[in-house]
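A.B. asks: I have a structure I would like to understand better, so I am pasting it below and will then ask my questions one at a time.
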Amino acid sequence: MPLIRRDTESPRPCDTCDTLMTNANSPTWNEKQRRFLTAYCERPAVAPAARLAGVHRATVYRWLTEPGFAEAMRLAAEVFFQAHRLKVLAQEAERQRWRDERESARRPMRRAVLERARAARGLA
């Protein structure tokens, strides 16, 4: 699930000078970096994601010196947390539905118990 769009075209020339802009395009990631970012989207922890990608975690920390890669990691973590938040909200809604269903089933029992208690008070 690649999350980051990569432009493969060459940088465009600057409008006001003859030199090429250095940050015109995002960098292209190698295969190991792509595998790491994909694994990091699934579990935002460096060591397990690096293990899944087949790279050493020290390599990942070296890649983090590149601002583009650090931003890609931040975006990958954001994607994970957004997906995780949706999952948690869905689970909470399911729990609330179950609680409401259980409560509606328990109401008749409560009524019967209260009626017996009132009847016992009336006899005493």
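The sequence shown lines up with residues 199 to 322 when you count with my numbering. Cβ atoms here follow ideal geometry from the backbone N, Cα and C, with glycine treated the same way.
1. Say whether the stretch 235-252 touches the stretch 264-274, bearing in mind that this needs 3 or more beta-carbon pairs closer than 8 angstroms, one atom from each stretch.
2. Could you tell me the boundaries of the alpha helix (DSSP H) in which residue 244 lies?
3. Taking its Cβ as the centre, do 16 or more other Cβ atoms sit within 10 Å of residue 258, making it buried, or is it exposed?
4. If distances are taken between C-alpha atoms only, which option among 279, 289, 283, 229 comes closest to residue 248?
5. Under the three-state reduction of DSSP, which class applies to residue 227: helix, strand or coil?
6. What did DSSP end up calling residue 254 once you bin it into helix, strand or coil?
7. Take residue 268 and list the residues in its own chain whose beta-carbon comes closer than 7 angstroms to its own, dropping the five residues that flank it on each side.
8. By Cβ distance below 7 angstroms, which residues in the same chain neighbour residue 250 in space, the five residues on each side in sequence not counted?
C.D. replies: From the atom records:
1. yes
2. Here residue 244 is taken as the residue at index 46 of the sequence shown, counted from 1. Unbroken alpha helix (DSSP H) run through residue 244: 244-251.
3. The sequence position of residue 258 within the sequence shown is 60, counting from 1. Per the 10 Å Cβ criterion, buried.
4. In the sequence shown, the residue the question calls residue 248 occupies position 50. Nearest to residue 248 by C-alpha distance, out of 279, 289, 283, 229, is 229.
5. For the purposes of this step, residue 227 is taken as the residue at position 29 of the sequence shown. If DSSP states are grouped into helix, strand and coil, residue 227 belongs with coil.
6. Taking the sequence shown and counting its residues from 1, the one referred to as residue 254 is at position 56. Residue 254: coil per DSSP, three-state reduction.
7. Taking the first residue of the sequence shown as position 1, residue 268 is located at position 70. The answer, listed in chain order, is 262.
8. Along the sequence shown, read from residue 1 onward, the residue named residue 250 stands at position 52. These residues qualify, in order along the chain: 237.
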